[in-house]
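Data block below; observations after.
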Amino acid sequence: MSWYRHWEGSFHVKHAVPERKGSWEKAIAIAVVNQKGGVGKTTTTISLAASLVEQGYRVLLIDADPQGNAGSGAGIERKDEQVTLYDVLVNEAEVQEAMVPTESGVIVLPSTMDLAAAEIELVSAMGREYRLRDALIPLLDEIDVILIDCPPSLGLLTINALCAADAVLIPVQAEYFALEGLGALQQNLSLVRRHLNAQLYTLGVVMTMVDTRTKLATAVEDDVRGYFGDMVFSARIPRTVRLAEAPSFAQPITVFDSPSRGAMAYRRLAAEVIERINLWKGQG
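Numbering (my numbering), first residue to last: 31 to 314.
Have a look at this one:
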């Protein structure tokens, strides 16, 4: 019996885990990454995960940031006895022990502040860059999409995410200094490809916190599209009060306010993500 079958009874009927929808050979792992903080990485990871579940895909959200905001924002209550990503990376706990289903249908691998210690404790460990990749191997035939919320740095946690990922998705804030650090990020991704994960693919760039009422947002978007070209998704994520409120209710925007502009924007992004994956895999 597959591990996810064991949990079906814990979901409301409409949130029961569906049969695997992805037609790829194995799960597609996507690291949501940007070395600059405050660009909407966590909101994008949560909302994209929930939007993909709505479309019938089986999604695992991995919270690789010690702040643990992706887990709490997706609806996970923190418990002292809970197995977390720290246990998976440092103590080599089985990944299935740490996975928690949520009401939205997204399955979460949570983290706590203990994860910050992992960067130090893994320094001398064999294969330290590949701990997450190796831990996920048993799930690759069970899940469609794995989304990894990365911390705003290029430490060992982000390196683990990039080594486990097939692709990266880069959120870019539609505000001044949006391009700050992106050159360094591109350089670091090149280094990861050269030395650790040669197949790492850039799935695309998504504009976040877009306020269409301002000339600044338009100018920044033009700059980003000029820099990245066709890599930028057509879907743009607006800056809205409802998107900002959703995490405080521990719900993805698609659950918190399903008809909202933010929810619809993430649904459009999810459709584009699947389209790009299919084209990338030669199935589009």
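Glycine residues also receive a C-beta, built at the ideal position from the N, C-alpha and C atoms. Just so it is clear, the structure is predicted and the values come from calculations on it, not from any experiment.
- Looking at the backbone, the Cα of ARG297 and that of HIS225 are separated by about 35 Å.
- Put simply, of ALA249, CYS180, SER134 and PRO96 the residue whose alpha carbon is nearest the alpha carbon of ALA61 is CYS180.
- Annotation for ARG298: the continuous alpha helix (DSSP H) segment containing it runs 291 to 310.
- The segment 147 to 158 and the segment 123 to 135 do not touch, with fewer than three beta-carbon pairs separated by less than 8 Å.
- Rounded to whole angstroms, the gap between the alpha carbons of ALA214 and LEU184 is 10 Å.
- Nearest to GLY98 by alpha-carbon distance, out of LEU299, GLY312, PRO277 and TRP310, is PRO277.
- Taking TRP54 as reference, the option from ILE173, LEU78, TYR116 and VAL136 with the minimal CA-CA separation is ILE173.
- By the neighbour-count criterion, in which 16 or more other beta carbons inside 10 Å mark a residue as buried, GLU122 falls on the exposed side.
- Contact between LEU115 and LEU152 does not hold, since the beta-carbon distance rounds to 12 Å and is not under 8 Å.
- LEU170 carries a coil assignment under DSSP once its states are collapsed to helix, strand and coil.
- Looking from the CA of GLY68, the closest CA among GLN203, VAL236, ILE267 and ALA295 belongs to GLN203.
- Put simply, of VAL83, LEU169 and PHE286 the residue whose alpha carbon is nearest the alpha carbon of GLU124 is LEU169.
- Counting the other Cβ atoms within 10 Å of the Cβ of GLU107 gives fewer than 16, which makes it exposed.
- Burial check for LYS109: the Cβ neighbour count within 10 Å stays below 16, so the residue is exposed.
- Annotated three-state conformation of PRO201 is strand, per DSSP.
- Nearest to VAL236 by alpha-carbon distance, out of VAL271, GLY259 and SER102, is GLY259.
- In the pairwise beta carbon analysis, the segment 228 to 243 is classified as touching the segment 266 to 277: at least three pairs are separated by under 8 Å.
- Counting along the chain, the unbroken alpha helix (DSSP H) around SER220 starts and ends at 212 to 225.
- Here LEU246 carries a helix assignment [DSSP, helix/strand/coil].
- In the three-state scheme derived from DSSP, where H, G and I count as helix and E and B as strand, MET237 is classed as strand.
- Rounded to whole angstroms, the Cβ separation of ALA80 and SER134 is 5 Å, and the two are in contact under 8 Å.
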